[in-house]
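Chemist: Mapping to this note's numbering: the sequence shown position 269 is 274, numbers consecutive. No residue lacks a Cβ here, since even glycine has one placed at the ideal position from N, Cα and C. Quick caveat: nothing in here was measured; it's all calculated off a predicted structure.
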Amino acid sequence: MTRLDDLYTDEGQSPWLDNLKRGWITNGELARWVERGVRGITSNPSIFQKAMSTGTDYDEQFTSLLAANTSVEESYWQLVIDDIHHALEILRPVYDSSDGVDGYVSVEVDPTLARDTTGTEVAARHLWDTIAQPNLYVKIPATAEGVPAIRQMIAEGRSINVTLIFSIERYAEVIEAYISGLEAYHHEHPDADLSRISSVASFFISRVDSEIDKRLDAIGSPDALKLRGLGAVAQAKLAYELFATSFSDERWALLASHGARPQRPLWASTSTKNPAYPDTLYVDDLIGPDTVNTLPDATIAAFENHGTVSRTIDRDIEQARGVIHVLPAVGIDLDDVARVLEDEGVAAFVKAFEELLDTLTEKSHALR
């Protein structure tokens, strides 16, 4: 048994791997991650940018696609979909043995559509229908424009990983989109088993501390400086409190009676950016039932080496509430923090996507 196994069996938290690349699929490494206790996979444009920009793992398929006169962008999506298909196959036993709780692989819609509701809906449908596996999550960002698309996809019976959540307020909108989407689906399909529709809400962690800490350092007062490294975990604890409340009322009970599953919080961006903080900070302090933590491989290695398996997500809630109350008092505008991080997150994924297309275009000239 590993600490990852203990995390799930003892505390009800599912550890997922925040990385995917073809070499891991072909050499058996991804299967070994699953054997060590990984219960799901997340990917994003930055992950594929790193995977495809180095080495030769994708060259053979890319060359074949080019020979068939497939455009560079269409080739990119074929490469991605091929990786996702193989990862879904590897994770399918986890999906089956958990009765659809885990075993998911996430693929993100075109990041340039983050401010386009209709475009996001079209792209999400295309990915869902093309890949057509029950343990697929299509990732949609929780932008103001993304939230209606999330609701629509749930209302159509598609499983969604909601990404780039940076505030409690937006998280509340995401929960409402999920629940109202399920209600819409149930209205159209009153006899359907709602358990086949699944979702997670990816609440970003370390980026929140990085942005808040930068602002606290700029303020520089003793009261401000003593709050460094506290904001992200405090906000996540309050997000979990909102989750527990939202999925325990009478409205939810009606959906649950038809098989609906809660939309689990997923802690994302859990590698520690500040070397002054413990490297397992965003694992050890966010452990609790009905949650997911998606971890880079280096963070998994650190947690396996010296992490602590203990329920912490609902510990010291009043202290967390106090941190979120005091941050504005010292000059931190949490709404602006969330806005900046959302804009930066969208921009980072768009940049990775566009840079990868440029890299593939250059490679296409060499391979033709």
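Check Ala154 in the structure and name its three-state DSSP category.
Modeler: Helix.
Chemist: Using three-state DSSP, classify Asn140 as helix, strand or coil.
Modeler: Correct three-state label for Asn140: coil.
Chemist: Return the bridge partner residues of Ile329 from the DSSP annotation.
Modeler: Paired residue(s): none; Ile329 is not in a bridge.
Chemist: Are Glu309 and Arg8 touching if we call contact CB-CB under 7 Å?
Modeler: In this structure, Arg8 lies closer than 7 Å to Glu309 by Cβ.
Chemist: Compare the beta carbon distance of Glu216 and Val342 with 7 Å and say whether it is the shorter of the two.
Modeler: Their beta carbons are under 7 Å apart, which means Glu216 touches Val342 by this criterion.
Chemist: Thinking C-alpha only, which one of Gly151, Ala281, Leu187 is nearest Glu347?
Modeler: The shortest C-alpha separation from Glu347 is found at Gly151.
Chemist: DSSP state of Gln324, grouped into three classes?
Modeler: DSSP places Gln324 in helix when its eight states are reduced to three.
Chemist: Inspect the beta-carbon positions of Ile202 and Gly162 and report whether they are closer than 7 Å.
Modeler: Going by C-beta atoms, Ile202 is nearer than 7 Å to Gly162.
Chemist: What do you reckon, are the CB atoms on Gly312 and Val288 nearer than 7 Å?
Modeler: Yes, the Cβ-Cβ distance between Gly312 and Val288 is below 7 Å.
Chemist: Pick out whichever of Glu360, Tyr245, Ala303, Tyr13 has its Cα sitting closest to the Cα of Glu174.
Modeler: Nearest option by C-alpha distance: Tyr245.
Chemist: Any idea if Ser204 is buried or exposed, counting beta-carbon neighbours within 10 angstroms, 16 or more meaning buried?
Modeler: Per the 10 Å Cβ criterion, buried.
Chemist: Would you say Ser58 reaches chain C, if we count a Cβ-Cβ gap shorter than 7 Å as a contact?
Modeler: The structure shown contains no chain C; it is built from a single protein chain.
Chemist: Could you tell me which residues DSSP pairs with Arg27 in its beta bridges?
Modeler: Answer by DSSP bridge pairing: none, since Arg27 is not bridged.
Chemist: Out of Val328, Ile305, Pro227, which has the shortest C-alpha to C-alpha gap to Asn24?
Modeler: With distances taken between Cα atoms, Asn24 lies closest to Ile305.
Chemist: Identify which residue in Asp222, Ser211, Ile159, Phe209 has its Cα closest to the Cα of Glu193.
Modeler: The shortest C-alpha separation from Glu193 is found at Ile159.
Chemist: Locate the beta strand (DSSP E) running through Asn166, then write down its first and last residues.
Modeler: Here the beta strand (DSSP E) through Asn166 covers 165-170.
Chemist: With the cut-off set at 7 Å, would you say Val112 and Ser48 are in Cβ contact?
Modeler: Going by C-beta atoms, Val112 is nearer than 7 Å to Ser48.
Chemist: Would you list the residues sitting across from Tyr109 in a DSSP beta bridge?
Modeler: Paired residues: Gly45.
Chemist: Does the Cβ of Asp88 have 16 or more other Cβ atoms within 10 Å, making it buried, or fewer, making it exposed?
Modeler: That one is buried.
Chemist: Just to confirm the assignment: which complete beta strand (DSSP E) runs, minimum length 3, are found wholly within the region 221-296?
Modeler: List check, beta strand (DSSP E) in window: 269-273.
Chemist: Taking 7 Å as the threshold (C-beta atoms), are Phe208 and Ala241 in contact?
Modeler: Closer than 7 Å, so yes.
Chemist: Taking the beta carbon of Arg316 as the centre, do at least 16 other beta carbons fall within 10 Å, making it buried, or is it exposed?
Modeler: Result: exposed.
Chemist: Go through its chain and collect everything with a Cβ distance to Ser51's Cβ below 7 Å, but skip five positions before and after it.
Modeler: Contacts found: Ala353, Phe354, Ala357.
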